[in-house]
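A short worksheet on the structure shown next.
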Amino acid sequence: NTEYWWIDDVSVFNMPNADVGIYSLDFPSSSIIENCDAPVQVTVKNYGLAAQAFDVNVTITGNVLGEVYNNTVNVANLDPDVTQAVSFPDFVEPQIDEYVIDATTLLPTDENVSNDAMSATVYVDTVIEHRWDDGEADG
7 NTEYWWIDDV
17 SVFNMPNADV
27 GIYSLDFPSS
37 SIIENCDAPV
47 QVTVKNYGLA
57 AQAFDVNVTI
67 TGNVLGEVYN
77 NTVNVANLDP
87 DVTQAVSFPD
97 FVEPQIDEYV
107 IDATTLLPTD
117 ENVSNDAMSA
127 TVYVDTVIEH
137 RWDDGEADG
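Here our numbering runs 6 ahead of the position in the sequence shown, where the first position is 1.
As structure tokens, then:
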């Protein structure tokens, strides 16, 4: 009776002290309604070993309209291996266009910049009213 051991895909590395990044783009969702203010929120994570204070920037750029939103918010003290939702001012009265949302953490001493940014595409469109007439008199 023969037994075998296999070890596969092992990585050994030092965790950086300073490493924060974008964990998710939460709002706006993939489509929003024209002229309706949309919340802007991202979630950040401290991937490093030390608590960090840093800025987070979000820009929204339309294919036609160009950059229409640019805001920066401070994260005061994020402990290691913790995520935090970061809320920004609303995207006010968006117009019909296809937009790219870019979120970036801004920690000057970040030792791993590969997780510092995330992008998503959002579409702004009009509301289409659907009316239903059941053929019955109202009242």
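Beta carbons are placed, not taken as given, at the ideal position from N, Cα and C, and that holds for glycine.
Of the choices the options, whose alpha-carbon is the least far from that of residue i?
{"i": "Ala56", "options": "Asn83, Asp96 and Val79", "result": "Asn83"}
{"i": "Val26", "options": "Asp131, Glu117 and Val133", "result": "Glu117"}
{"i": "Asp131", "options": "Val18, Leu112, Asp43 and Asn20", "result": "Asp43"}
{"i": "Thr111", "options": "Ser17, Ser37, Val64 and Asn20", "result": "Val64"}
{"i": "Asn41", "options": "Val98, Glu9, Asp103 and Glu104", "result": "Val98"}
{"i": "Leu113", "options": "Glu73, Val62 and Pro86", "result": "Val62"}
Applying the 10 Å Cβ sphere with the 16-neighbour rule, what's the burial state of residue i?
{"i": "Val88", "result": "exposed"}
{"i": "Gln101", "result": "exposed"}
{"i": "Pro34", "result": "buried"}
{"i": "Val48", "result": "buried"}
{"i": "Pro39", "result": "First, the amino acid is wrong: residue 39 is Ile here, not Pro. Looking at its Cβ environment, which holds fewer than 16 other Cβ atoms inside 10 Å, Ile39 is exposed."}
{"i": "Asn52", "result": "buried"}
{"i": "Val119", "result": "exposed"}
{"i": "Val18", "result": "exposed"}
Whole angstroms are fine: how far does the CA of residue j sit from the CA of residue i?
{"i": "Glu142", "j": "Tyr75", "result": "48 Å"}
{"i": "Ser125", "j": "Leu31", "result": "8 Å"}
{"i": "Val106", "j": "Thr127", "result": "5 Å"}
{"i": "Ala24", "j": "Val133", "result": "45 Å"}
{"i": "Gly54", "j": "Thr115", "result": "11 Å"}
{"i": "Glu9", "j": "Ser37", "result": "55 Å"}
{"i": "Phe60", "j": "Asp103", "result": "31 Å"}
{"i": "Ile28", "j": "Val50", "result": "5 Å"}
{"i": "Gln58", "j": "Asp85", "result": "7 Å"}
{"i": "Asn121", "j": "Glu73", "result": "23 Å"}
{"i": "Tyr129", "j": "Asn20", "result": "41 Å"}
Are residue i and residue j closer than 8 Å when you measure CB to CB?
{"i": "Asp108", "j": "Ala123", "result": "yes"}
{"i": "Phe94", "j": "Asn77", "result": "yes"}
{"i": "Asp96", "j": "Pro45", "result": "yes"}
Meets three-Cβ-pair contact criterion under 8 Å: the stretch 61–76 and the stretch 12–25: no
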